[in-house]
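Note sheet for the following structure.
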Amino acid sequence: MARTDEFKTLVNNIAMQIAAMSPRYVRREDIPESVIAHEREVFRAQALEEGKPEAVVDRIVEGRIEKFYQEACLLEQAFIRDEERTVDDIIKDAITRTGENMLVRRFARFQLGESLEA
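Each residue of the sequence shown is one higher than the one before, starting from 15 at the first, in our numbering.
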């Protein structure tokens with residue numbers, strides 16, 4: 015499978031996606047609960063600062079959390095070559111066409127000027 019042109023194209027497209035969109039996680043399940051809790055606190059404070067009624071703040075927070083997932087998770091991002099579809103959709107299409115199972119388990123993204131120390 016790894017030697018086919020279709021697989022090489024898919025991997026290249028995913029690499030370009032990672033370089034261009036800077037996802038931090040592969041899927042939402044990979045995000046630590048502490049990060050989600052922090053984001054919820056920030057979004058809640060923002061909504062209250064904006065003067066939103068308490069009754070709708072929770073819905074606003076949930077909407078912003080969904081947006082966070084779409085930005086931070088590779089598989090939920092809009093695909094750079096076809097923004098109507100997600101990266102997960104592109105991978106599923108490749109699985110359907112090839113009959114081979116494919117899975118993104120992890121990735122590493124390096125950026126010039128950033129320290130490797132975390």
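A virtual CB, placed ideally from N, CA and C, is assigned to each residue, including glycine.
>> Measuring alpha carbon to alpha carbon, tell me which residue in 113, 110, 31, 71 is nearest residue 93.
In response: 31
> Around the Cβ of residue 67, are there at least 16 other Cβ atoms within 10 angstroms (buried) or fewer (exposed)?
Replying inline: exposed
> Out of curiosity, what's the CA-to-CA distance linking residue 91 and residue 40?
Replying inline: Whole-angstrom Cα-Cα distance: 10 Å.
>> Could you tell me the alpha carbon to alpha carbon distance between residue 114 and residue 108, rounded to whole angstroms?
In response: 8 Å
> Do residue 74 and residue 61 come within 7 Å of each other at the CB atom, strictly closer than that value?
Replying inline: yes
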